[in-house]
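Notes follow the structure.
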Amino acid sequence: MPMDLCMSLLLVWITCVPCVSMASVIGQSKSIQTGGSTAMASSFGEGQRLLSRAKRGWVWNQMFVLEEFSGPDPILVGRLHTDLDVGGKKIKYVLAGEGAGTIFAINEFTGDIHAMKKLDREEKAEYTLTAQVINAETDEPLEPPSEFIIKVQDINDNPPQFNEGPYRASVPEMSAVGTPVTRITATDADDPVYGNSAKLVYSILEGQPYFSVDPNSATIKIALHGMDREMREEYLVVIQAKDMGGHMGGLSGTTTVTVTLTDINDNPPKFSKSLYDFTIPEDLPIGKMGGKVKANDRDIGENAKSTYSIIEGDDQNVFEIVTDAQTQEGILRVKKPLDYETRRAYTLKVEATNVRTEPGSSGPFKDTATMKIVVDDSDEPPIFTKPMYLLEVNENAPINTVIGMVAARDPDSTGSQVRYFIDRHTDMERQFNINVDDGKITLAKALDRETDMWHNITVTATEVVYQHQAIVAIRVKDINDNAPEFATEYEAFLCENGKPGQVIQTVSAVDKDDPIQGHYFDYRLVPEMLNNPNFTIKNNQDNSISVLAKHDTFQRQKQKMYFLPIIVTDNGNPPMSSTNTLTIRVCGCSKDGTVQSCNVEAYVLPIGLSMGALIAILACIILLLVIVVLFVTLRRHKNEPLIIKDDEDVRENIIRYDDEGGGEEDTEAFDIATLQNPDGINGYLPRKDIKPDLQFMPRAGQHSGPNGVDVDEFINVRLHEADNDPTAPPYDSIQIYGYEGRGSIAGSLSSLETASSDSDQNYDYLREWGPRFRRLGELYSVGESDRET
Numbered sequence: 001m002p003m004d005l006c007m008s009l010l011l012v013w014i015t016c017v018p019c020v021s022m023a024s025v026i027g028q029s030k031s032i033q034t035g036g037s038t039a040m041a042s043s044f045g046e047g048q049r050l051l052s053r054a055k056r057g058w059v060w061n062q063m064f065v066l067e068e069f070s071g072p073d074p075i076l077v078g079r080l081h082t083d084l085d086v087g088g089k090k091i092k093y094v095l096a097g098e099g100a101g102t103i104f105a106i107n108e109f110t111g112d113i114h115a116m117k118k119l120d121r122e123e124k125a126e127y128t129l130t131a132q133v134i135n136a137e138t139d140e141p142l143e144p145p146s147e148f149i150i151k152v153q154d155i156n157d158n159p160p161q162f163n164e165g166p167y168r169a170s171v172p173e174m175s176a177v178g179t180p181v182t183r184i185t186a187t188d189a190d191d192p193v194y195g196n197s198a199k200l201v202y203s204i205l206e207g208q209p210y211f212s213v214d215p216n217s218a219t220i221k222i223a224l225h226g227m228d229r230e231m232r233e234e235y236l237v238v239i240q241a242k243d244m245g246g247h248m249g250g251l252s253g254t255t256t257v258t259v260t261l262t263d264i265n266d267n268p269p270k271f272s273k274s275l276y277d278f279t280i281p282e283d284l285p286i287g288k289m290g291g292k293v294k295a296n297d298r299d300i301g302e303n304a305k306s307t308y309s310i311i312e313g314d315d316q317n318v319f320e321i322v323t324d325a326q327t328q329e330g331i332l333r334v335k336k337p338l339d340y341e342t343r344r345a346y347t348l349k350v351e352a353t354n355v356r357t358e359p360g361s362s363g364p365f366k367d368t369a370t371m372k373i374v375v376d377d378s379d380e381p382p383i384f385t386k387p388m389y390l391l392e393v394n395e396n397a398p399i400n401t402v403i404g405m406v407a408a409r410d411p412d413s414t415g416s417q418v419r420y421f422i423d424r425h426t427d428m429e430r431q432f433n434i435n436v437d438d439g440k441i442t443l444a445k446a447l448d449r450e451t452d453m454w455h456n457i458t459v460t461a462t463e464v465v466y467q468h469q470a471i472v473a474i475r476v477k478d479i480n481d482n483a484p485e486f487a488t489e490y491e492a493f494l495c496e497n498g499k500p501g502q503v504i505q506t507v508s509a510v511d512k513d514d515p516i517q518g519h520y521f522d523y524r525l526v527p528e529m530l531n532n533p534n535f536t537i538k539n540n541q542d543n544s545i546s547v548l549a550k551h552d553t554f555q556r557q558k559q560k561m562y563f564l565p566i567i568v569t570d571n572g573n574p575p576m577s578s579t580n581t582l583t584i585r586v587c588g589c590s591k592d593g594t595v596q597s598c599n600v601e602a603y604v605l606p607i608g609l610s611m612g613a614l615i616a617i618l619a620c621i622i623l624l625l626v627i628v629v630l631f632v633t634l635r636r637h638k639n640e641p642l643i644i645k646d647d648e649d650v651r652e653n654i655i656r657y658d659d660e661g662g663g664e665e666d667t668e669a670f671d672i673a674t675l676q677n678p679d680g681i682n683g684y685l686p687r688k689d690i691k692p693d694l695q696f697m698p699r700a701g702q703h704s705g706p707n708g709v710d711v712d713e714f715i716n717v718r719l720h721e722a723d724n725d726p727t728a729p730p731y732d733s734i735q736i737y738g739y740e741g742r743g744s745i746a747g748s749l750s751s752l753e754t755a756s757s758d759s760d761q762n763y764d765y766l767r768e769w770g771p772r773f774r775r776l777g778e779l780y781s782v783g784e785s786d787r788e789t
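1 is the number of the first residue of the sequence shown in the UniProt record's numbering; add one for each residue after it.
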């Protein structure tokens with residue numbers, strides 16, 4: 001029923017609006033005169049006013065069209081009219097601008113404007129167009145163009161939308177009624193100015209009686225007092241936004257808001273029990289846990305954190321209780337050793353307190369509990385009277401001297417006997433012994449402070465089951481048993497051109513002993529050197545001396561080295577001394593006193609060349625000689641060639657190919673015995689041990705010509721030369737050529753025939769194979785003279 005009423009009102013509005021617009025246009029056009037005429041009064045409603053115009057022009061009202069309206073025919077938006085449109089004039093209306101010709105069309109004779117399609121105000125709210133009247137025959141403009149606007153009127157076709165939903169919000173628990181939780185916003189795409197299409201009203205559909213919503217601002221508020229998070233933590237609220245001011249027929253949209261109650265510190269910690277019993281062994285190590293308690297808190301996060309403390313029963317500060325950050329438990333730990341024989345039970349009062357205090361509260365929440373602790377008796381190890389003992393002994397103390405004593409007791413009530421031992425891993429040299437019954441430590445071997453000043457040994461005290469250890473540090477006290485000596489092996493250098501009184505070397509000494517009053521050394525020359533004419537010493541008053549030269553006439557050629565014995569004496573009781581020798585070498589120096597050479601051999605070197613340069617020159621000479629000898633040796637061992645090759649040597653033009661050899665018919669036609677050395681048949685090859693003076697036999701040169709060559713004579717000459725050459729190897733190198741195979745015009749080359757045979761074969765084609773086979777072709781070719789014979 002409401003929907004039918006809405007549609008009826010919409011149809012009435014659509015029908016009336018164009019008629020009103022057209023009536024006003026017609027009424028206004030009647031009130032306008034042509035240019036130059038007197039203005040006439042025109043009545044509009046109850047009031048009257050005088051209108052006047054100075055020229056002719058367009059007459060129309062602002063036009064409107066309803067959005068989303070469609071029908072079988074185009075919608076009449078309005079009508080254009082000009083005072084030039086009088087009977088008989090041929091004028092035409094022209095429309096241009098936004099949507100002209102596509103969305104809007106005009107009747108060029110009547111000026112009626114129609115909407116050709118359905119419009120949406122949310123896409124475009126208004127259109128700006130230009131109208132002009134022109135001559136229908138010449139298309140010449142009769143009036144200047146004018147702009148007008150067509151506005152799309154809104155209808156309620158868009159429901160409200162929550163663009164950011166669904167929402168989440170939080171509010172502290174126990175908040176007062178009316179406390180704002182959150183504010184949400186819905187949007188409506190309809191026109192907020194025209195009508196109530198975009199006027200929204202909010203209401204709550206789900207979430208009562210806990211929450212409420214302001215109908216205008218959409219602010220969600222607390223509606224119920226005492227909302228406890230521990231009872232319920234989360235709520236789902238459904239909010240509706242409705243347009244048309246919430247009236248019937250309006251469109252609506254909904255969203256959800258999830259409201260979470262945040263925790264406040266409104267619950268105290270609570271121990272699960274009021275009394276806790278613990279049994280702790282008396283040998284529990286310091287810092288170890290003896291028990292744990294926990295106070296539960298219904299709050300969460302920081303509000304649930306608690307600290308634990310002992311408020312009664314621990315006057316001697318034997319225990320402590322700390323909070324485990326992960327489990328929020330109170331961990332009871334031992335701060336001091338427990339002793340069953342001294343105290344066997346403790347009663348402690350423990351308090352758990354919230355860390356965080358809620359603003360406005362009277363104070364932090366607390367709870368207390370009682371802890372009863374029973375100390376359990378344990379068999380304890382012996383206890384030394386001291387954790388560490390410091391003893392001293394002179395390094396010259398005799399064997400079996402008592403150095404000191406250690407003592408330990410058994411803390412148990414039984415009081416077992418304690419026995420003492422030295423851990424030999426700490427006394428590998430077995431320098432000390434200990435009495436197993438009374439703990440007296442005695443010296444077993446002689447001591448040397450300069451080797452080991454401190455001896456740290458571990459003494460173990462044992463009873464029936466357990467044992468305990470203590471460290472004994474023994475310091476060896478020094479006696480004056482070492483003589484001083486030079487700090488290093490000094491080697492002094494003296495310049496030949498030095499001046500008298502020149503400091504040659506500064507000498508200091510060291511002493512392995514360590515007297516309490518410190519070191520003081522006395523230096524002096526040995527008695528036989530007191531009056532030596534070359535050197536003297538001077539005390540520098542800092543436990544060092546300077547050695548001085550007495551004259552400047554030192555020469556290396558006469559004496560290149562001097563030895564100066566010096567006696568060094570310490571201030572111990574009794575004093576110790578030693579004789580140390582200072583070696584002084586005479587050297588050649590530059591004018592500024594820089595040492596250049598200390599060897600006498602340096603004077604025989606050529607002027608201008610150093611030892612390094614001479615060594616380099618000598619090495620080059622030796623290398624050159626080796627190269628020359630090697631070259632001569634290679635030339636002497638180089639063999640002369642067996643035969644002097646000439647241009648007609650067949651071997652130059654016959655090439656060995658590493659191909660598969662000939663077949664059976666080729667090998668059978670060749671007799672290798674023809675080329676064999678007769679002397680090597682019996683297995684003995686004659687050879688001379690010296691290189692012979694080769695004299696090659698003169699022979700006539702072999703020439704190839706058109707008449708051919710006697711191959712038999714050529715081979716016999718070569719065979720004779722090879723048999724008489726003592727340097728030739730005892731075998732011949734046979735050249736093997738690949739078998740061409742049947743069907744080749746060349747035939748086989750393995751079977752050779754002499755040119756003197758009766759064969760009339762033609763081998764001239766071998767010359768056409770190139771220079772490598774030209775010589776072979778000449779050997780086997782038959783000349784004209786041979787053919788005649």
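All C-beta atoms, glycine included, are put in the ideal place defined by N, C-alpha and C.
Could you tell me the alpha carbon to alpha carbon distance between residue i and residue j, rounded to whole angstroms?
i: L779; j: V632; result: 43 Å
i: I310; j: K294; result: 14 Å
i: A136; j: G245; result: 52 Å
i: P166; j: A186; result: 12 Å
i: T460; j: G313; result: 37 Å
i: Q208; j: D112; result: 58 Å
i: I222; j: G178; result: 5 Å
i: A722; j: I715; result: 11 Å
i: D478; j: T579; result: 23 Å
i: L494; j: V526; result: 21 Å
i: Y340; j: D438; result: 27 Å
i: D73; j: A198; result: 30 Å
i: R774; j: A619; result: 58 Å
i: T583; j: P387; result: 55 Å
i: I155; j: F64; result: 13 Å
i: residue 790; j: E147; result: For the chain, the structure presents residues 1 to 789; residue 790 sits outside this window and is missing.
i: W769; j: R635; result: 41 Å
i: D379; j: Q467; result: 11 Å
Cutting at 6 Å between CB atoms, please list the residues of its own chain near residue i, excluding the five before and the five after it.
i: M371; result: Y276, L348, V350
i: H519; result: D511
i: T260; result: S170, E234
i: R356; result: N265, E302, N303
i: E463; result: P382, D410, S416, V418
Please go through the same chain and pick out, in chain order, the residues whose beta-carbon is closer than 7 Å to the beta-carbon of residue i, but skip the five residues on each side of it.
i: R298; result: E230, N267
i: T279; result: V374, D376
Beta-carbon separation of residue i and residue j under 8 Å?
i: L447; j: V476; result: yes
i: I383; j: R409; result: yes
i: S217; j: R183; result: yes
i: M577; j: I567; result: At residue 577 the sequence reads Ser, which differs from the Met that was named. In contact: S577 and I567 (Cβ atoms closer than 8 Å).
i: E173; j: D228; result: yes
i: I321; j: L338; result: no
i: Y389; j: A470; result: yes
Can you name the start and end residues of the alpha helix (DSSP H) that residue i belongs to?
i: N716; result: 711-723
i: L614; result: 611-636
Quick one: does residue i have its CB under 8 Å from some CB of chain C?
i: I615; result: Absence of chain C from the displayed structure is noted, only one protein chain being present.
Might you give, ordered along the chain, the residues of its own chain that have their beta carbon closer than 8 Å to the beta carbon of residue i, omitting 5 neighbours on each side?
i: D367; result: P268, P269, K270, F271, A295, E351, A352
i: A176; result: I222, H225
Over the uninterrupted beta strand (DSSP E) stretch that includes residue i, give me the two end residues.
i: P565; result: 561-569
i: I545; result: 544-549
i: L84; result: First-last for L84: undefined, no H or E at that position.
i: V459; result: 454-462
i: S578; result: 577-589
Q | Those runs of the beta strand (DSSP E) which lie wholly inside the UniProt domain "Cadherin" (272-384) and span at least 3 residues | A | 275-281, 289-296, 306-312, 319-323, 329-334, 345-354, 366-376
**Q.** Continuous beta strand (DSSP E) assignments of at least 3 residues falling wholly in the UniProt domain "Cadherin" (163-271)
**A.** 167-172, 180-183, 201-206, 211-213, 219-222, 234-242, 252-262
Q. Could you give the uninterrupted runs of the beta strand (DSSP E) lying entirely in the segment 407-448, keeping only those of 3 residues or more?
A. 419-422, 432-434, 440-443
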